[in-house]
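Shown next, in structure tokens, is the structure this report addresses.
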């Protein structure tokens, strides 16, 4: 959709209240929704999905980066077809897309739900052995007694609100893969539900399962125009009610220090000797310690050096800058520049210094229509979920997609302690995520989009 048409859609949406009259159909009564049955379907799917080894790799530029993701994509495409989805395709990058055609006589915007298939690099995703701990009643959940791996409200605070819930963990030897197979399970269960209940009226719903989110490569290959959605939601969030509509601004920097080490160190005094390793060390030391990741939280940004490489007379320092506002981003750029210039002035025997900055991604809030977020909040409230807008201290597939022309905030999915062997999923929160997504389908179904060009 072009900018003119999208502006018209937003104008039309602004005329339609988000609460009160904009309740949509009473989809749960119409379809006789059964919470216990839905939770069982979600649990069964999730437990099956985590047995697929889909860990991504940062050691290749190929997409998908690992063969396990292709295998999982094939399984998901098969399941989509079984559950009535149309135009199911898997492209050369392993991106699975599908469509649930409209059964409405209205002309609502086309919405989409996305989740990523890969799992994180921090621990193995092979031979995952899921354990379902039913009806959690508080206290310890022992993941692995031999390794003394335990989760409880002390180290996993969300468990304090999970009494009576079904909690799913791995065995302590691997990741669980809740990030983001909770989202995959929620979306696939939504597809099946709409197929099983044609009495629930809705507009066209698009589906996508993407690879390599953990390496930041998956949606770089995503064909937004060909996908054909007006608005989308990733289902890749954590706690109940979490709605992420904001991300960091992200920049990378590279500082290069060229010295002269072609002098015997025993005769370096009063010589052209210039130590490029020392220059890099001084540069790192001069960066403000109060603006490091471990000294910042909430909405305060940071600077991090994440790579130092030396070859002969040349040392290259790479790092990242993260901040929510443009003003703070520039402030941190200035801090890096100040440290670099100080090193140049101290080590005046050095030569060919350089400092470059590159944009990685921007805060998606700047391009995210408020109405898209407000409808998600309305959907949660109508499902007795309290929405909590959050700002992600990182990037999301949704932030990239938003700047590619597909506005995409992120919905909660019930995943916790991600990227670690203590990772777990909450089946009851997954069920609430499913209801929220179905309510969103209902709410978008009563919006009327203008004629598309």
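Residue numbers (our numbering): 265 to 717. Idealized CB from N, CA, C, for every residue including glycine. Just so it is clear, the structure is predicted and the values come from calculations on it, not from any experiment.
- Under DSSP, residue 573 forms a beta bridge with 580.
- In the DSSP annotation of this structure, the continuous segment of the alpha helix (DSSP H) that includes residue 455 starts and ends at 442–460.
- Taking the Cα positions, residue 530 is about 14 Å away from residue 524.
- A Cβ-Cβ contact shorter than 8 Å links residue 352 with residue 362.
- Sequence-distant Cβ neighbours of residue 509 in its own chain, meaning closer than 7 Å and more than five residues away, are 629, 632, 637, 653, 673.
- Rounded to the nearest angstrom, the gap between the Cα atoms of residue 540 and residue 526 is 12 Å.
- According to DSSP, residue pairing for residue 385 in a beta bridge does not occur.
- By the C-beta density criterion, residue 533 is exposed, having fewer than 16 other C-beta atoms within 10 angstroms.
- For residue 334, the uninterrupted alpha helix (DSSP H) segment begins and ends at 331–346.
- Within the model, the alpha-carbon separation for residue 388 versus residue 335 is close to 17 Å.
- DSSP places residue 507 inside the beta strand (DSSP E), whose first and last residues are 506–511.
- CA-to-CA, the gap between residue 468 and residue 344 works out to about 15 Å.
- Of 623, 558, 302, 611, the smallest CA-CA separation from residue 590 is found for 623.
- For the pair residue 466 and residue 366, the CB atoms are nearer than the 8 Å cut-off.
- Closest in C-alpha terms to residue 401, from the list 310, 429, 349, comes 429.
- Residue range 413–415 is occupied by the beta strand (DSSP E) that includes residue 413, with no alpha helix (DSSP H) assigned at that position.
- The three-state reading of DSSP puts residue 590 in helix, counting H, G and I together.
- Contact between the region 312–328 and the region 392–400 is present, with at least three C-beta pairs closer than 8 Å.
- As for any beta strand (DSSP E) of minimum length 3 sitting wholly inside the region 604–679, the runs are 615–625, 652–656, 674–676, ordered along the chain.
- Taking residue 687 as the centre and dropping the five residues before and after it, the same chain places the C-beta of 439, 440, 442, 681 closer than 6 Å to its C-beta, in chain order.
- Residue 330 counts as buried, since at least 16 other C-beta atoms from the protein chains shown sit within 10 angstroms of its C-beta.
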